[in-house]
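Trainee: Got a structure for you, written out below as structure tokens; questions coming shortly.
Residue numbers (our numbering): 47 to 315.
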């Protein structure tokens, strides 16, 4: 059963199904290009998913079967990025949303079917891992458009594929296919388009069946590992989250289920 969320833009769809939150970019006539209104809806949906204990994993996807996300909606540039102040406001809002996704407390999966370009590639790199259909293509075309890309966007791409591969993508601005993306580590799986939704749902279910406190601790600690400045790593919080796992009812349930040779039933407490 789907529990639909009310959002301020019909270009974004969000619903909860079982233990999975779904966030769908719904602007297929523009290859799911994103406007400021859509980013604000994304933030609202993610905040709701974060606060909902039922949600244990979030899948991000694009509607229409042609694109995941193709970047900013150019048709909105005059209104949303037509002045210096407007550009600063747009970029500030975008940075907030990307940071929310990158540091989201629950696992996130990008389900990519079609083009994943520019800001869409940056968005995908914010998620924990990515699954793509075999027809998908990836590109960072900023150098063809004379666009500047901020530090965090480049950092995410370098973290995902390594410095050499990231520089090749950025400097050439050429697109790559799904198999090349898999070889680079940009995506973790490539499947036939017909199998994409089922496979992504299966993986989300695998995650949701595991102990939520453990998964969330692992995610937080992984973000601290990726923090380049050791002085900014919150190691005390890491220790607290690990201790909470061992102090939880789920830890008792996990041991009992193992001894009784049954599937554990974790409640996140």
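All C-beta atoms in this analysis are idealised placements derived from N, C-alpha and C, irrespective of residue type, glycine included. The model shown is predicted, which means the values in this text are computed figures rather than measured ones.
How do the region 134 to 149 and the region 169 to 188 stand: do at least 3 beta-carbon pairs fall below 8 Å, yes or no?
Mentor: Contact between the region 134 to 149 and the region 169 to 188 is present, because at least three Cβ pairs lie under 8 Å.
Trainee: Is it true that the CB of residue 108 sits closer than 8 Å to the CB of residue 71?
Mentor: Yes, the Cβ-Cβ distance between residue 71 and residue 108 is below 8 Å.
Trainee: Contact defined as beta carbons within less than 8 Å: I believe residue 67 pairs with residue 95. What is the distance between those atoms, to the nearest angstrom?
Mentor: That belief holds up - the Cβ atoms of residue 67 and residue 95 are roughly 4 Å apart, short of 8 Å.
Trainee: Do you know offhand how far residue 279's Cα is from residue 106's?
Mentor: Roughly 27 Å between the two C-alpha positions.
Trainee: What span of residues does the beta strand (DSSP E) with residue 185 cover, start to end?
Mentor: Element bounds for residue 185: 183 to 185.
Trainee: In this structure, how does DSSP classify residue 58 when only helix, strand and coil are distinguished?
Mentor: Reduced to three states, the DSSP call for residue 58 is strand.
Trainee: With DSSP as the reference, label residue 49 as helix, strand or coil.
Mentor: It is a strand residue.
Trainee: So who's on the other strand from residue 261, going by DSSP bridges?
Mentor: Partner(s): none; residue 261 has no beta bridge.
Trainee: If you compare alpha carbons, which of 136, 162 and 177 is closest to residue 221?
Mentor: Among 136, 162 and 177, the Cα nearest to that of residue 221 is on 162.
Trainee: For residue 295, which residues of its own chain have a beta-carbon under 8 Å away from its beta-carbon, when the five flanking residues on both sides are left out?
Mentor: Hits under 8 Å: 313 and 315.
Trainee: Can you check which of these residues, 289, 53 and 238, is closest to residue 87 by C-alpha distance?
Mentor: Answer by Cα proximity: 53.
Trainee: Is the separation between the beta-carbon of residue 82 and that of residue 139 shorter than 8 Å?
Mentor: Yes.
Trainee: If you drop the 5 nearest sequence neighbours on each side, which residues of the same chain put their C-beta closer than 7 Å to that of residue 126?
Mentor: Its pLDDT being 49, under 50, residue 126 is placed unreliably in this model, and the coordinates cannot settle the point.
Trainee: Please classify residue 126: does DSSP put it in a helix, a strand, or coil?
Mentor: Below a pLDDT of 50, predicted positions are generally treated as unreliable, and residue 126, at 49, falls in that range; the measurement from the model is reported next regardless. In this structure, residue 126 counts as helix in the three-state DSSP scheme.
Trainee: Thinking residue 214 and residue 160 are a contact (beta carbons under 8 Å), I'd like their distance in whole angstroms, please.
Mentor: Incorrect: roughly 22 Å between the Cβ atoms, too far for contact.
Trainee: Please classify residue 278: does DSSP put it in a helix, a strand, or coil?
Mentor: Residue 278 falls in the helix class under three-state DSSP.
Trainee: For residue 202 versus residue 152, is the C-beta spacing smaller than 8 Å?
Mentor: No; because the gap between Cβ atoms is not below 8 Å, this pair is not in contact.
Trainee: Cα-Cα, which of 253, 187, 176 and 255 is closest to residue 225?
Mentor: Comparing Cα-Cα distances from residue 225 to each of 253, 187, 176 and 255, the minimum goes to 176.
Trainee: Go through the region 73 to 144 residue by residue and report every complete run of the beta strand (DSSP E) that reaches 3 residues or more, in order.
Mentor: The qualifying runs are 103 to 108 and 113 to 115.
Trainee: What ranges does the beta strand (DSSP E) occupy inside the region 189 to 276, keeping only unbroken runs of at least 3 residues that lie completely in it?
Mentor: The region 189 to 276 contains these whole beta strand (DSSP E) runs: 235 to 237.
Trainee: Can you have a look at residue 48 and say buried or exposed, based on whether 16 or more other CB atoms are within 10 angstroms of its CB?
Mentor: So residue 48 counts as exposed.
Trainee: Expressed to the nearest angstrom, what Euclidean distance is found between the alpha-carbon atoms of residue 288 and residue 259?
Mentor: So the two alpha carbons sit approximately 9 Å from each other.
Trainee: Using the C-alpha atoms, what's the distance from residue 233 back to residue 181?
Mentor: About 13 Å.
Trainee: How close, in whole Å, do the beta carbons of residue 291 and residue 270 come, if the pair is a contact with beta carbons under 8 Å?
Mentor: Going by Cβ atoms, the distance from residue 291 to residue 270 rounds to 16 Å, so no, they are not a contact pair.
Trainee: Helix, strand or coil: how does DSSP classify residue 166 here?
Mentor: Three-state DSSP puts residue 166 in a helix.
Trainee: Three-state secondary structure (DSSP) at residue 283?
Mentor: In the structure shown, residue 283 sits in a helix (DSSP, three-state: H, G or I).
Trainee: What is the residue span of the alpha helix (DSSP H) that residue 301 lies within?
Mentor: First-last of the alpha helix (DSSP H) with residue 301: 295 to 305.
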